[in-house]
Structures are given as C-alpha cells and as structure tokens.
Amino acid sequence: MADRPPGIEAVVVDCTDPEALASFWSRVLGRGVRARFGPYVWLERGDGPVLGFQRGAGPKTGKNRVHIDLASPDPAAEQRRIEELGGRRLHRYDEGGFLVMADPEGNEFCIIPEGSFDIDGEGRAHYLDGVEERSGEAGPGAPPSPGGG
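Following this line, the structure appears as structure tokens:
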C-alpha cells in the first residue's frame with residue numbers, strides 16, 4: 205500500500221491529429237512540445253500535470269466528460285487570443301454563465317477568471333455579465349450572461 209494517494213501526472217487527450225492539436229495547445233499554454241513517440245505527442249510540463257495527445261480511432265463525438273479550465277486575468281481577451289489561434293466559442297453553453305471554448309478538434313474547455321468567482325445556486329457563473337454588451341461578442345440568441353459547461 206502506498207504511503208500517500210496518487211497524484212495526477214498527465215492529462216491525455218484522444219484526437220485524430222496529435223501533432224496539430226499539440227501545436228494549438230502549445231501556443232495556447234506557452235509550452236513547447238517535449239516528446240513524440242508512437243501515437244503520442246507531449247507538451248513540456250508547466251504548472252500542473254503534463255498535457256499529452258494520443259491518436260484515437262476517430263473524431264470526437266458528444267460532450268467531453270472531463271474538460272480543462274484555463275485561468276486568465278481577462279477571460280474576454282483570452283477568448284479573442286484563442287480564437288486567433290484556431291479555437292472557437294461554444295455559444296450553446298451560454299446559459300450556464302461560463303466562457304466555454306473548443307479546440308480545433310472540438311474538445312471543450314473553459315476560460316475562467318483567476319482567483320475566486322461566484323456561482324449561484326443553479327450552478328451558473330456570472331463573471332462575464334456585462335462583458336458582451338461592451339464588446340459586442342454575443343452570439344445569435346445568446347443572453348447577456350455568457351458560457352456554461
């Protein structure tokens with residue numbers, strides 16, 4: 205029996221093109237590619253677990269059961285930067301109040317503010333309330349309070 209519980213060493217994303225997805229996430233996180241072997245591409249370790257990409261059998265279908273939250277001092281500015289890198293906003297989650305994005309293969313992730321933020325009793329965040337009215341980023345039919353996932 206181990207003296208301590210296990211730690212999370214790596215998060216591995218199944219994908220159709222590990223090289224392309226690793227390149228996207230390398231630019232998002234500012235981490236270089238550390239290793240390539242077999243069906244895997246690994247990024248350099250930063251803060252937290254190593255992020256790896258594994259060639260899978262086919263494209264992603266359905267919503268991720270696990271997703272990554274990226275903390276940013278300015279989530280709206282980070283959204284714009286990630287969109288320039290090839291990510292996209294997923295407006296179908298706007299009702300939840302979270303800024304939900306997708307990488308080029310459709311894997312969902314959230315951009316959240318650094319530090320703490322409020323979540324109401326229904327599980328909705330409100331850290332972007334008012335941001336879209338100022339920036340004009342609301343999608344078709346999207347309420348003033350964005351993202352959720």
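Residue numbers (our numbering): 205 to 353.
The beta carbon of each residue, even a glycine, is placed where N, CA and C say it ideally should be.
If you draw a straight line from the alpha carbon of PHE321 to that of CYS314, how long is it in whole angstroms?
14 angstroms
Inter-residue CB distance, VAL254 and GLU223 (contact presumed, cutoff 8 angstroms)
No, VAL254 and GLU223 are not in contact; Cβ-Cβ is about 17 angstroms, not under 8 angstroms.
Give the DSSP-derived three-state secondary structure of TYR244 in the structure shown.
strand
For ARG235, which residues in the same chain have their Cβ closer than 6 angstroms to its Cβ, ignoring the five residues on either side in sequence?
LEU247, GLU248, GLY250
Buried/exposed call for GLY319, threshold 16 Cβ in 10 Å:
exposed
Take LEU274 and list the residues in its own chain whose beta-carbon comes closer than 6 angstroms to its own, dropping the five residues that flank it on each side.
ILE315
Neighbourhood of GLY291 by C-beta, 6 angstroms cutoff - its chain only, sequence neighbours within 5 removed:
MET305, ASP307
Whole angstroms is fine: what's the gap from ALA280's alpha carbon to GLY325's?
24 angstroms
Residue nearest to ASP221 in terms of C-alpha spacing, selected from GLU312, GLY260, TYR331, ASP278:
GLY260
Can you tell me whether PRO350 is buried or exposed? The criterion is at least 16 other CB atoms within 10 Å of its CB, across all chains shown.
Confidence is the limiting factor: at PRO350 the pLDDT is only 36, short of 50, which leaves the residue's position unreliable, though a coordinate-based value still follows. By the neighbour-count rule (16 or more Cβ atoms within 10 Å), PRO350 is buried.
How about ARG231 and LEU289: are their beta carbons less than 8 angstroms apart?
yes
Here's the rule: buried if 16 or more other CB atoms are within 10 angstroms of the residue's CB, otherwise exposed. What is ALA239?
exposed
Simplified DSSP assignment, three categories, for GLU309:
coil
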